[in-house]
Every structure is written in structure tokens, then in C-alpha cells.
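So in UniProt numbering the end of the sequence shown lands on 329, straight run, no missing numbers. Virtual Cβ for every residue (Gly too), placed ideally from N, Cα, C. Here's the structure we're looking at; comments come further down.
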Amino acid sequence: MNHYELKSMKKEHLEDAARLFADNYRTERGRMPILPPRYENHNTVLPLLGKLIQKAPGVVALKNGNLSGYLIGQLLPAWRGRRSTFVPFWAHAVTGKKRRMILQYMYAHLSSNWTANGCFTHLISVLANDKEMLDTLFWFGFGMAVIDSIRDFSDLQSPLADIEVRRASLDDLEIILLLSQEFRRYMAGPPIFMPLVEKSSKKYNEKWLSNPANALWLGLYKKEAVAYMEIGSLNEDYVITDEKTVWIQGAYTKEHLRGKGFGAALLKCALDWAQAQGYEKCAVDFEGENILASAFWLRHFRPTCFSLVRQVDERIGWAHKDRADEHFW
1 MNHYELKSMK
11 KEHLEDAARL
21 FADNYRTERG
31 RMPILPPRYE
41 NHNTVLPLLG
51 KLIQKAPGVV
61 ALKNGNLSGY
71 LIGQLLPAWR
81 GRRSTFVPFW
91 AHAVTGKKRR
101 MILQYMYAHL
111 SSNWTANGCF
121 THLISVLAND
131 KEMLDTLFWF
141 GFGMAVIDSI
151 RDFSDLQSPL
161 ADIEVRRASL
171 DDLEIILLLS
181 QEFRRYMAGP
191 PIFMPLVEKS
201 SKKYNEKWLS
211 NPANALWLGL
221 YKKEAVAYME
231 IGSLNEDYVI
241 TDEKTVWIQG
251 AYTKEHLRGK
261 GFGAALLKCA
271 LDWAQAQGYE
281 KCAVDFEGEN
291 ILASAFWLRH
301 FRPTCFSLVR
311 QVDERIGWAH
321 KDRADEHFW
């Protein structure tokens, strides 16, 4: 591979890999200063890589013994019902003038392991401004799955005067379950087609509402709850976040009242609450197929990360390149 050598990722590669990601993230944050600074410190990513390498294969690209790139993915047993491999935004990085080529060959090398393990759905999260890496993956047949976005608390618009918003309590649990189920039905419709496998969980919603670190806001029309927005902390390794970033975790408005300003009113109340709690930024993620979500969130937030997906033809599990001639009949 033009003087590059591919090897299995080992413990001795972790330090250089973490530093490489931190360097790339620093470049990304130079383009987008609102990003949390914590990932500029390689020690933030180092334990994440160390944990992942213990349970999943990875690959490194070396030139003259120096690390030029790495790629490692984790198993998701049932992403959208399918056994999948997911590469978080910190689980890959490439440097140098041959970044595109290095990523191509690392993916080609590692994806054979993924498919051999029954993972035919491949997901990779990429920093939003890394156009070269995004373009490389598009050429490999990847498409948009999920968009992570962020904003600060400047330029908050005041809600329309005739829209009433209040914070929900446990007394509103039945109303919330009804709205949540409506939201799930919306997500199951075209063009999103997210299967409606189960009803909204009363136990989960009760626990979520009972946590003072979370807040759910209801939008009212003629005293009836017709919209909601959930906001709270999210301590997950797979998203760009820190202790000063709060996450919107769900939002929905009844169909006949969309476009009336309920989303903006709920967002204003949610962000005012978050700012009062000491947060400095707010993040949200949404599916690319969700037309209404894309239009709304991109008016108020800037993308930080794109999660891309490729679905490999599952017949490759048996119709692979090493299939013996005697197996054709």
C-alpha cells in the first residue's frame, strides 16, 4: 500500500492513536470552536480505545514504523434489528497526504472481519467538517444515518405570546405516554420507517421524569398538551459531549399544529432551564430521514458529527470469494 503497512491494532499502538485523534480533533475545533475542548487531550480518548481493543479487532496503518491511521469498531448486537459494527467518532483517525487511501485500505482490511462475524451493517461516525473522510465513505456506499448537532445559548428567541408551555411532572405521565406513542407512530411512517416494535415504556418514562437532572416541557393548546420536548444530561461515550453540555432527548408536536411555533417555544423554555442549571451548550441528534426534524434542528443547531451507514449484501456470508466450485449447484 505505497509504503504503508497494515497491522492488527495492539496495546502498544494506543498512545499514538489517541494522540492522532486529539490532533485531528484540535483541527476540527479550530473550524468549530463551540466543540467541547476535552477531546483535545489524548488522555480523554486513551481509556476508551483501551477498553474497546479488549473486545474488538482494530487495524493500524504504519509508515516507517510511525502510526498514520487506525480504525476499530464495536459490536452492536441489534442496531435497528441487525447485527452491526459501529465505529465511534474517536475510534478512527488518519493523517498525512494519503488520508483517503489509508482509510480505504483500513476499511477494506477490517470489514472482512466484520462480515465474517455476521456484522453486515457498518456504521461510522465522522466529525462534521472532515469532508475528505465523509467523501471517502460516500464512495464506499455509506449514507446518512444520524446527525449530532450543538449550539450555545446565544440568540434565544422569545416564544410566541399565545403559546403556553409548562414543565411536566409525574402527574402528567399518562399524557406523556400518549404523546410519546404518537411520536413512535410518526417515526414508523414514511420516509423514516423506524419499526414500531413496542409501546412507550411507563416504567422508563416514570424513572426519567423522577430524575431532577431531566426536564420535560409540554406545549399546550386550549389547555390540551399537544407537544413536548425532553432535555437532560447524557453521559455516553459515543457522542461529543462534556459536563457542560445538555442533550435534547426527544421532541414532538401533533400533526395539525405543526408550524405554529410550538417547537421554538419549547426549545426556548428548555434552553432557559438548561442555562439556569449551569450548562453552556445544548446538543441534539436526529435521523437524516426525518424531514421535519432536519428542517427544525438545523435552523437552531450546527452539526458536529455525521453517523454514516452501509448495508452489505448478507449473501456474502455464504457467497464469498473463497466459495468452493463444488458448492455451486
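(1) Since E102 and Y25 are thought to touch, with beta carbons under 8 Å apart, how far apart are those beta carbons, to the nearest angstrom?
(2) List in chain order: all unbroken beta strand (DSSP E) runs of 3+ residues lying wholly within the stretch 55-138.
(3) Do L308 and G58 have their C-beta atoms within less than 8 Å of each other?
(4) Taking only runs that begin and end inside the stretch 238-313, name each unbroken beta strand (DSSP E) of 3 or more residues, in chain order.
(5) Is E198 helix, strand or coil when you go by DSSP?
(6) I believe Y252 touches E182 by the beta-carbon criterion, under 8 Å. Please report the beta-carbon distance rounded to the nearest angstrom.
(7) Out of curiosity, what's the CA-to-CA distance linking Q74 and G118?
(8) Going by DSSP, what residue range makes up the beta strand (DSSP E) through L156?
(9) Assuming E287 and V146 make a contact with CB atoms under 8 Å, what is their CB distance in whole Å?
(10) Do you know how far the Cα of W90 is from the Cα of L127?
(11) Would you report the Cα separation of H300 and R151, rounded to the nearest angstrom?
(12) Residues in its own chain within less than 7 Å of F296 by CB, not counting five upstream and five downstream?
(13) Where do the N-terminal and C-terminal ends of the alpha helix (DSSP H) with S180 fall, by residue?
(14) Kindly indicate the opening and closing residues of the alpha helix (DSSP H) around K7.
(15) Please confirm if the stretch 243-259 is in contact with the stretch 214-234, defined as three or more CB-CB distances below 8 Å between the two stretches.
(16) Within its chain, find whatever has a CB closer than 8 Å to the CB of L14; leave out the 5 residues flanking it on each side and keep chain order.
(17) Under DSSP, the alpha helix (DSSP H) around R29 begins and ends at which residues?
Taking the structure as given:
(1) By 1-based counting over the sequence shown, the position of residue 102 is 102. By 1-based counting over the sequence shown, the position of residue 25 is 25. It should be noted that the sequence gives Ile, not Glu, for residue 102. The C-beta distance from I102 to Y25 rounds to 18 Å, too long to meet the 8 Å contact threshold.
(2) As far as the stretch 55-138 is concerned, its whole beta strand (DSSP E) runs of at least 3 residues are 58-63, 66-72, 74-79, 82-87, 92-94, 121-127.
(3) Here residue 308 corresponds to residue number 308 of the sequence shown, with the count starting at 1. Here residue 58 corresponds to residue number 58 of the sequence shown, with the count starting at 1. No, Cβ-Cβ distance for L308 and G58 is not below 8 Å.
(4) If you keep only unbroken beta strand (DSSP E) runs of at least 3 residues inside the stretch 238-313, you get 245-253, 281-287, 302-311.
(5) The residue you call residue 198 lines up with position 198 of the sequence shown. Secondary structure of E198 (DSSP, three-state): coil.
(6) For the purposes of this step, residue 252 is taken as residue 252 along the sequence shown, with counting starting at 1. For the purposes of this step, residue 182 is taken as residue 182 along the sequence shown, with counting starting at 1. Sure, about 7 Å apart at Cβ, within 8 Å.
(7) In the sequence shown, the residue the question calls residue 74 occupies position 74. In the sequence shown, the residue the question calls residue 118 occupies position 118. If you draw a straight line from the Cα of Q74 to the Cα of G118, it is about 13 Å long.
(8) As a first step, residue 156 is located in the sequence shown; it is residue number 156 there, counting from the start. Careful: L156 lies outside any beta strand (DSSP E) and carries neither H nor E.
(9) Taking the first residue of the sequence shown as position 1, residue 287 is located at position 287. Taking the first residue of the sequence shown as position 1, residue 146 is located at position 146. 6 Å between Cβ atoms; contact.
(10) Reading the sequence shown from its first residue, position 127 is the one you call residue 127. Reading the sequence shown from its first residue, position 90 is the one you call residue 90. Our two residues, L127 and W90, have alpha carbons roughly 9 Å apart in a direct line.
(11) One-based indexing of the sequence shown puts residue 300 at position 300. One-based indexing of the sequence shown puts residue 151 at position 151. If you draw a straight line from the Cα of H300 to the Cα of R151, it is about 7 Å long.
(12) Taking the sequence shown and counting its residues from 1, one reaches residue 296 at position 296. Exclusion of the five residues before and after F296 leaves G263 as the residues of its chain whose Cβ lies within less than 7 Å of its Cβ.
(13) The sequence position of residue 180 within the sequence shown is 180, counting from 1. From DSSP, the alpha helix (DSSP H) with S180 extends over 173-188.
(14) For the purposes of this step, residue 7 is taken as the residue at position 7 of the sequence shown. Not the alpha helix (DSSP H): K7 falls in the beta strand (DSSP E), residues 5-8.
(15) Touching, yes, given that three or more Cβ pairs across the two stretches are closer than 8 Å.
(16) Taking the sequence shown and counting its residues from 1, one reaches residue 14 at position 14. So the list reads L46, L49, G50, I53, once near-sequence residues are dropped.
(17) As a position in the sequence shown, residue 29 is number 29, starting the count at 1. Here the alpha helix (DSSP H) through R29 covers 14-31.
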